[in-house]
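Enquirer: Mind having a look at this structure? Questions to follow.
2 protein chains.
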Amino acid sequence: MRPQVLIIGCGFGGLEAARALRAADVDITVVDKTNHHLFQPLLYQVATAGLSAPSIAAPIRHLFRRQPNVTTLLGEVVAIDAQGRSVTLKDGARLRWDHLIVAAGATHSYFGRDDWAAFAPGLKTLQDAFEIRRRVLLAFEAAEREDDPARRAALLQFVVVGGGPTGVELAGTFAEIARHTLPGEFRRIDPRQARVLLVEGSPRVLQAMPEALSERAREQLTALGVEVKLGARVTGIDAQGLDITTAAGAERLQSRCIVWAAGVAASPLGRALAAATGCTLDRAGRVVVGPDLSLPGFPTIQVIGDLAAAQSHAPGREPKPVPGVSPGAKQMGRCAAANIRRRLAGQATRPFRYRDYGNLATIGRNSAVVDLGTPAGQLRFSGYPAWLFWLFAHVWFLIGFRNRFVVLLDWAWAYWTHDRHARVVATANGASPAHDAQA
Amino acid sequence: MRPQVLIIGCGFGGLEAARALRAADVDITVVDKTNHHLFQPLLYQVATAGLSAPSIAAPIRHLFRRQPNVTTLLGEVVAIDAQGRSVTLKDGARLRWDHLIVAAGATHSYFGRDDWAAFAPGLKTLQDAFEIRRRVLLAFEAAEREDDPARRAALLQFVVVGGGPTGVELAGTFAEIARHTLPGEFRRIDPRQARVLLVEGSPRVLQAMPEALSERAREQLTALGVEVKLGARVTGIDAQGLDITTAAGAERLQSRCIVWAAGVAASPLGRALAAATGCTLDRAGRVVVGPDLSLPGFPTIQVIGDLAAAQSHAPGREPKPVPGVSPGAKQMGRCAAANIRRRLAGQATRPFRYRDYGNLATIGRNSAVVDLGTPAGQLRFSGYPAWLFWLFAHVWFLIGFRNRFVVLLDWAWAYWTHDRHARVVATANGASPAHDAQA
Chain A
13 MRPQVLIIGC GFGGLEAARA LRAADVDITV VDKTNHHLFQ PLLYQVATAG
63 LSAPSIAAPI RHLFRRQPNV TTLLGEVVAI DAQGRSVTLK DGARLRWDHL
113 IVAAGATHSY FGRDDWAAFA PGLKTLQDAF EIRRRVLLAF EAAEREDDPA
163 RRAALLQFVV VGGGPTGVEL AGTFAEIARH TLPGEFRRID PRQARVLLVE
213 GSPRVLQAMP EALSERAREQ LTALGVEVKL GARVTGIDAQ GLDITTAAGA
263 ERLQSRCIVW AAGVAASPLG RALAAATGCT LDRAGRVVVG PDLSLPGFPT
313 IQVIGDLAAA QSHAPGREPK PVPGVSPGAK QMGRCAAANI RRRLAGQATR
363 PFRYRDYGNL ATIGRNSAVV DLGTPAGQLR FSGYPAWLFW LFAHVWFLIG
413 FRNRFVVLLD WAWAYWTHDR HARVVATANG ASPAHDAQA
Chain B
13 MRPQVLIIGC GFGGLEAARA LRAADVDITV VDKTNHHLFQ PLLYQVATAG
63 LSAPSIAAPI RHLFRRQPNV TTLLGEVVAI DAQGRSVTLK DGARLRWDHL
113 IVAAGATHSY FGRDDWAAFA PGLKTLQDAF EIRRRVLLAF EAAEREDDPA
163 RRAALLQFVV VGGGPTGVEL AGTFAEIARH TLPGEFRRID PRQARVLLVE
213 GSPRVLQAMP EALSERAREQ LTALGVEVKL GARVTGIDAQ GLDITTAAGA
263 ERLQSRCIVW AAGVAASPLG RALAAATGCT LDRAGRVVVG PDLSLPGFPT
313 IQVIGDLAAA QSHAPGREPK PVPGVSPGAK QMGRCAAANI RRRLAGQATR
363 PFRYRDYGNL ATIGRNSAVV DLGTPAGQLR FSGYPAWLFW LFAHVWFLIG
413 FRNRFVVLLD WAWAYWTHDR HARVVATANG ASPAHDAQA
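This is the structure we're talking about:
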């Protein structure tokens, strides 16, 4: 029997690890909670009705159809037995492994205020994207039916919490929808009067970017019609709005549509791993891994992607934390696969080294910021050229020829017509299945 | 103030009625439970992962953006006041009208066995389509994880109840998915061993078709790998399968994926209308309308589409019932609009006359049957030419240039690759939000 490699999670890290083991003499099992690999960088476009879900989600087993050493299973791992080398799925089934790669990713964190989740959904899964799409579109629908001016204004106030890439993208796109997509379709309200607020706790947006680009991003957001509130701490969220505190004092923002893009917490599987191996978790619940991404004392268990608190080890330099971005996850996936091949060949594993090719974020139509590391030094630009660069980079990395083509087509259509074709809310009457389940 | 026209429901009938009043000197309000007009003839392709939802669903207010006399409202009408000329929405809001067009459509009927609904969902809404897509795809996923051969076989047995157009389309496409889309993607099961059954109570499928074409359809279904059980009455459905009775006796079919395409019942709004006006409902709950589609004694209330039990009045011929197909609904919509215009001009209304341009149904790849009324007599054909005809007819009637193009593209892709791009189940772990809500 060939060595059994088990990969938990098929995001960027897990997918890349499985692919990098294509030619290895192993049997690979990929377990994921959903049936699809999600191209998360474009998930905000599903949430804002610019793309339909199948354009950015590919069935996992379809991606592996020509890789016979991969078996795909739909299931949720709930426990890990590090000594007995097996995992337990939610329905009680067990899978054994010789080499384990844990790539279970991250989820939202409300910093201990999980009661906020019902009023301010986050954006990690397709289900989240549909929920945000539903709330945004139905807020305009409710405003069209509302006669009271104060309630109408509250319905037309959208708040995004968190000024990272996702928050900036969502806020910029909300403003675009209000200013360009919807006008002309309503008879009682003017969608252009919608107010979009971006609330960020630190003094600038896009903190991973150089300060000058953060400032460009803030300017571009403002030009798109987003009100950016920096240094604003959220102190409460309820069904009617949220409370923030800034240098100017406390403020209440009425809103029926709040999106949470502020906090990320590692998958709960980190705790299962800590219980099984005694490994250390950092404050965000991420698993502290060794230089080769394996767990101290458990060389056959590697943790990658957003679940790993990993360091980049460049020769002759101090180790540096790896940022939680998709290139990081992919590179860790390749490193984990290479280390399994090396171990099978009786060689020593190699430390992980993160290569930073740069950082880009889009803000809205014709607006983006780009920060690239080139051999000639840092290349920084913003505005229209940055937006074009962002666009082609994302289409390039999107999986599948068909999806690339369809997404380009959707974008061209949206660019010329200002229409967003996926403005469909499946549930009747605006009922939210998630809400029904909670009720 | 201009006369107020209220249209309840924006399916084929309601949409056509509102459009036909484009130039009329009236204010139109269109109320619908969802935010989209649905191209129902292709809904089975969303259920079978061939198309994504936005390809066949257009936001209603987007369709009316260039018709300034239409106001679109999202809401569910629960009561009608015929004397006071108003309707009440679910949230208590009231809308008044001078002319009312009720086009609320139909829903599934389980012939008094509503307890079957949980085990055999029907196909009327996008939410239904997602639920069927989820069940079909997750049945294959569960089979891949199942070790017990009997349970595995039950998971790979798909039953469609009802041999009308929707049942035939669903069964044909399920067979295609099992035989052409999925093989090569599973490691433990062979999807080609899936069994697809079509259960029909009458002696033939597609009863609206001439007998010879029904027989062609049955042959084509068999060729695609569907087992057609005619004259089979369903006596019970539960979570594990269904019981049927045929001439050969009682039979039990194990299945974890049953789809109900057998019965149609009019919208519950028919009962509200009967309560308000004393009008008659037929056995399927449809409102019996007068020759001009109005209610006896209430000339300003017209009922159209699947909710109406209407007759076609051709000069010099016996009145004939109008079939429940989309051309019927559209023609009624135009007739209702014309009658409102005539009443406003002080003219007498005209009786509804249904023009039957023919009947077509597709079965699967390269398979369809067509029955057209031409000046030279009935034109009947089947197989590949009928399939091409079906394909272009459906793309032609699909709303919006963009959607036509995208659907053609999706179909061309699927035809060449056998891939179905929308094989995405949004919920994690295969949990069904609808189920959670029930639980």
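In order, the protein sequences belong to chains A and B.
Per the working numbering, residue 13 is the first one in the first sequence, and the count goes up by one each step.
Per the working numbering, residue 13 is the first one in the second sequence, and the count goes up by one each step.
Ideal Cβ placement from N, Cα and C applies to all residues, glycine included.
If you pair each beta-carbon of the stretch 138-151 of chain B with each one of the stretch 297-309 of chain B, do three or more pairs fall below 8 angstroms?
Expert: Cβ pair count under 8 angstroms is below three, so no.
Enquirer: Going straight from the alpha carbon of R31/B to that of D368/B, what length do you get?
Expert: As a position in the second sequence, residue 31/B is number 19, starting the count at 1. As a position in the second sequence, residue 368/B is number 356, starting the count at 1. Cα-Cα distance, rounded: 21 angstroms.
Enquirer: Please report the residue range of the alpha helix (DSSP H) in which G26/A lies.
Expert: Against the first sequence, residue 26/A aligns to sequence position 14. Element bounds for G26/A: F24 to A32.
Enquirer: When burial is assigned at 16 or more other CB atoms within 10 Å of the CB, is G134/B buried or exposed?
Expert: As a working mapping, residue 134/B is identified with position 122 in the second sequence. With 16 or more Cβ atoms within 10 Å of its Cβ, G134/B is classed as buried.
Enquirer: Going along the chain, which residues of its own chain have a beta-carbon closer than 8 angstroms to the beta-carbon of H325/A, five neighbours each way excluded?
Expert: Here residue 325/A is taken as the residue at index 313 of the first sequence, counted from 1. Excluding positions up to five away in sequence, the list reads P303, P331, P363, F364 and R365.
Enquirer: Between the stretch 55-73 of chain A and chain B, which residues of the former have CB atoms less than 7 angstroms from a CB of the latter, in chain order?
Expert: Those would be S64, A65, P66, A69, P71 and R73, in chain order.
Enquirer: Skipping 5 residues on each side, what residues in its chain have a beta carbon closer than 6 angstroms to that of D370/A?
Expert: Locating residue 370/A in the first sequence gives position 358, counting from the first residue. Per the sequence presented here, residue 370/A reads as Gly, with Asp not at that position. Contacts found: D383, L384 and G385.
Enquirer: Identify each residue in the stretch 79-108 of chain B for which the Cβ-Cβ distance to at least one residue of chain A is less than 9 angstroms, and report them in chain order.
Expert: Here the close residues are P80, V82, T83, T84, L85, L86, G87, E88, L101, K102, D103 and A105.
Enquirer: So, does the CB of H433/A fall closer than 7 angstroms to a CB anywhere in chain B?
Expert: Position 421 of the first sequence, counted from the start, is the residue given in the question as residue 433/A. So yes, H433/A belongs to the interface.
Enquirer: Compile a chain-ordered list of the residues in the stretch 112-128 of chain A whose CB is closer than 8 angstroms to at least one CB of chain B.
Expert: Those would be none; no residue qualifies.
Enquirer: If G317/B sits next to G23/B, beta carbons under 8 angstroms apart, how far is it from one beta carbon to the other, in whole angstroms?
Expert: Along the second sequence, one-based indexing puts residue 317/B at 305. Along the second sequence, one-based indexing puts residue 23/B at 11. With a Cβ gap of about 6 angstroms, G317/B and G23/B count as contacting.
Enquirer: What residues in the stretch 172-189 of chain A have a beta carbon less than 8 angstroms from any beta carbon of chain B?
Expert: Those residues of the stretch 172-189 of chain A that come within reach of chain B (Cβ to Cβ, closer than 8 angstroms) do not exist; the list is empty.
Enquirer: For the stretch 117-129 of chain A against the stretch 269-285 of chain A, are there 3 or more C-beta pairs whose distance is under 8 angstroms?
Expert: Result yes; three or more Cβ-Cβ pairs closer than 8 angstroms.
Enquirer: Would you call the CB atoms of I40/B and V82/B closer than 7 angstroms?
Expert: Here residue 40/B refers to the residue found at position 28 of the second sequence. Here residue 82/B refers to the residue found at position 70 of the second sequence. Cβ atoms of I40/B and V82/B: closer than 7 angstroms.
Enquirer: Assess, as a yes-or-no matter, whether the stretch 234-248 of chain B is touched by the stretch 396-404 of chain B under the definition of 3 or more beta carbon pairs within less than 8 angstroms.
Expert: Contact fails: fewer than three Cβ-Cβ distances are below 8 angstroms.
Enquirer: Would you be able to state if there are at least three C-beta pairs under 8 angstroms between the stretch 257-266 of chain A and the stretch 275-287 of chain A?
Expert: No contact exists between the stretch 275-287 of chain A and the stretch 257-266 of chain A.
Enquirer: From A438/B to A69/B, what does the alpha carbon distance come to, in whole angstroms?
Expert: Taking the second sequence and counting its residues from 1, the one referred to as residue 438/B is at position 426. Taking the second sequence and counting its residues from 1, the one referred to as residue 69/B is at position 57. When rounded, the distance between both Cα atoms is 18 angstroms.
Enquirer: State yes or no: is the C-beta of A349/B within less than 7 angstroms of the C-beta of P177/B?
Expert: Here the question's residue 349/B lines up with position 337 in the second sequence. Here the question's residue 177/B lines up with position 165 in the second sequence. Contact flag unset, no.
Enquirer: Cα-Cα, which of G243/A, R199/A and V208/A is closest to R216/A?
Expert: To locate residue 216/A, count along the first sequence from 1; it is residue 204. R216/A has its Cα closest to that of G243/A, out of G243/A, R199/A and V208/A.
Enquirer: For the stretch 200-220 of chain A and the stretch 173-187 of chain A, state whether three or more C-beta atom pairs, one from each stretch, are separated by less than 8 angstroms.
Expert: Because the criterion of three Cβ pairs below 8 angstroms is met, the stretch 200-220 of chain A and the stretch 173-187 of chain A touch.
Enquirer: Taking the straight line between their C-alpha atoms, what separation do you get for R435/A and A357/A?
Expert: Here residue 435/A refers to the residue found at position 423 when the first sequence is read from its first residue. Here residue 357/A refers to the residue found at position 345 when the first sequence is read from its first residue. Between R435/A and A357/A, the C-alpha separation is close to 53 angstroms.
Enquirer: I need the straight-line Cα distance from L233/A to Y396/A, nearest angstrom please.
Expert: Here the question's residue 233/A lines up with position 221 in the first sequence. Here the question's residue 396/A lines up with position 384 in the first sequence. Going from the Cα of L233/A to the Cα of Y396/A covers about 13 angstroms.
Enquirer: Got a sec? Which residues, its chain only, sit under 6 angstroms from S98/A by beta carbon, not counting five neighbours each side?
Expert: Taking the first sequence and counting its residues from 1, one reaches residue 98/A at position 86. Counting only Cβ-Cβ distances below 6 angstroms, and skipping sequence neighbours, we find R106 and R108.
Enquirer: Throw me the rounded Cβ distance for the G345/A and G21/A pair, which I believe falls under 8 angstroms.
Expert: The sequence position of residue 345/A within the first sequence is 333, counting from 1. The sequence position of residue 21/A within the first sequence is 9, counting from 1. With a Cβ gap of about 10 angstroms, G345/A and G21/A do not count as contacting.
Enquirer: Quick one: which chain A residues come within Cβ less than 7 angstroms of A438/B?
Expert: The residue given as residue 438/B occupies position 426 in the second sequence. Per Cβ cutoff of 7 angstroms: A65, L138, Q139 and F142.
Enquirer: Which of the three DSSP states, helix, strand or coil, is assigned to H430/B?
Expert: Counting from one through the second sequence, the residue named residue 430/B turns up at place 418. In this structure, H430/B counts as coil in the three-state DSSP scheme.
Enquirer: With respect to the beta strand (DSSP E) encompassing V173/A, which residues constitute its N-terminal and C-terminal limits?
Expert: Position 161 of the first sequence holds residue 173/A. Taken as a continuous stretch (DSSP letters only), the beta strand (DSSP E) holding V173/A covers Q169 to V173.
Enquirer: Comparing C-alpha positions only, which one of L54/B, R432/B, F409/B and R392/B sits nearest to A224/B?
Expert: Counting from 1 along the second sequence, the entry for residue 224/B is found at position 212. Among L54/B, R432/B, F409/B and R392/B, the Cα nearest to that of A224/B is on R392/B.
Enquirer: Which of the three DSSP states is assigned to V253/A in this structure?
Expert: Along the first sequence, one-based indexing puts residue 253/A at 241. In the sequence under discussion, the amino acid at residue 253/A is Gly, which differs from the Val named in the question. If DSSP states are grouped into helix, strand and coil, G253/A belongs with the strands.
Enquirer: Note down the Cα distance separating S267/B from R228/B, rounded to an integer number of angstroms.
Expert: The count along the second sequence starts at 1 and reaches residue 267/B at position 255. The count along the second sequence starts at 1 and reaches residue 228/B at position 216. Each residue's alpha carbon lies about 27 angstroms from the other.
Enquirer: Does L55/B come out as helix, strand or coil in the three-state DSSP assignment?
Expert: Looking up residue 55/B in the second sequence gives position 43. Residue state, collapsed to three classes: helix.
Enquirer: Helix, strand or coil for D44/A per DSSP?
Expert: Locating residue 44/A in the first sequence gives position 32, counting from the first residue. Strand.
Enquirer: Just how far apart, CA to CA, sit D37/B and L167/A?
Expert: Locating residue 37/B in the second sequence gives position 25, counting from the first residue. Locating residue 167/A in the first sequence gives position 155, counting from the first residue. The straight-line gap from Cα to Cα measures roughly 32 angstroms.
Enquirer: Pick out whichever of V418/A, L293/A and L138/A has its Cα sitting closest to the Cα of A65/A.
Expert: Position 53 of the first sequence, counted from the start, is the residue given in the question as residue 65/A. Of V418/A, L293/A and L138/A, the residue nearest in Cα terms is L138/A.
Enquirer: Alpha carbon to alpha carbon, how far is D110/A from A287/A? Give it in angstroms, no decimals.
Expert: Reading the first sequence from its first residue, position 275 is the one you call residue 287/A. Reading the first sequence from its first residue, position 98 is the one you call residue 110/A. When rounded, the distance between both Cα atoms is 19 angstroms.
Enquirer: Please say whether A206/A and A183/A have beta carbons closer to each other than 7 angstroms?
Expert: As a first step, residue 183/A is located in the first sequence; it is residue number 171 there, counting from the start. As a first step, residue 206/A is located in the first sequence; it is residue number 194 there, counting from the start. No, the Cβ-Cβ distance between A183/A and A206/A is not below 7 angstroms.
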